[in-house]
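Sequential numbering of the sequence shown, starting at 1, is according to full-length UniProt numbering.
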Amino acid sequence: MNGKVERVNQSLVTRLKCKINSSSTKVPWTKLLETVTNEYNLTPHSITKYPPACLQVRALPYDSPIGQNSYYEHVNEARNLALQRTIDYHNKNKIRYDARFVDRKFNRGDLVVYEEFYYPNTRKLSPPFSGPYGIIK
Numbered sequence: 001m002n003g004k005v006e007r008v009n010q011s012l013v014t015r016l017k018c019k020i021n022s023s024s025t026k027v028p029w030t031k032l033l034e035t036v037t038n039e040y041n042l043t044p045h046s047i048t049k050y051p052p053a054c055l056q057v058r059a060l061p062y063d064s065p066i067g068q069n070s071y072y073e074h075v076n077e078a079r080n081l082a083l084q085r086t087i088d089y090h091n092k093n094k095i096r097y098d099a100r101f102v103d104r105k106f107n108r109g110d111l112v113v114y115e116e117f118y119y120p121n122t123r124k125l126s127p128p129f130s131g132p133y134g135i136i137k
């Protein structure tokens with residue numbers, strides 16, 4: 001799966017949960033999805049410092065009270081800056097991950113367990129691991 005899409009979906013689900021739980025009346029999530037998606041697209045992201053709508057459609061989908069040109073740089077410059085910030089953030093995360101990563105060596109006959117990832121057709125309460133399995137090669 002595409003990690004970026006999964007991350008956006010995670011953010012949207014989190015926002016939906018907040019909207020549903022903060023509402024005093026029962027509103028179906030399908031009615032809130034458009035509002036949540038618009039809020040997501042209009043909120044500057046912590047890494048890029050720009051709202052996705054600005055980077056996608058070259059302009060904010062609303063009238064800015066301070067004037068669009070006085071706050072957001074030219075769209076190509078903004079996109080390049082957002083891309084560089086994203087790459088920098090990715091590199092910092094890679095350094096942090098690599099510092100804690102431990103390379104495991106397995107030998108024939110070792111017993112291992114397999115992490116069962118959550119898929120739509122699996123149950124939420126099913127065991128997180130299966131096994132043990134023996135290493136044969």
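Don't be surprised by glycine CBs; every beta carbon is placed ideally from N, CA and C.
Grouping DSSP H, G and I as helix and E and B as strand, with all else coil, what is residue i?
i	result
P52	helix
V112	strand
V75	helix
S23	coil
H45	coil
Please report how far the alpha carbon of residue i lies from the alpha carbon of residue j, in whole angstroms.
i	j	result
I110	H45	According to the sequence as given, residue 110 is Asp; it is not Ile. The straight-line gap from Cα to Cα measures roughly 45 Å.
L16	A78	29 Å
L83	N91	12 Å
V5	S11	10 Å
Y71	P51	Residue confidence is low: Y71 scores 48 on pLDDT, short of 50, so the model does not pin down where it sits. Its coordinate-derived value is still stated next. Their Cα atoms are separated by approximately 12 Å.
W29	R108	50 Å
T43	N9	15 Å
Y40	I136	48 Å
Y97	I87	15 Å
R7	Y89	15 Å
L81	A53	15 Å
S23	T37	17 Å
Y133	A99	29 Å
Q56	R104	42 Å
V13	I95	29 Å
N93	P127	29 Å
N2	V75	25 Å
C18	T35	12 Å
If I'm right that residue i touches residue j with Cβ under 8 Å, what's the distance once you round it to whole angstroms?
i	j	result
residue 139	I20	No information on residue 139 is available, as it lies outside the stretch 1 to 137 that the chain covers here.
G131	V113	4 Å
F129	E116	6 Å
K26	R85	About 40 Å separates the two Cβ atoms, so there is no contact after all.
Look up residue i in the DSSP assignment and give the residues it is bridged to.
i	result
Y133	V112
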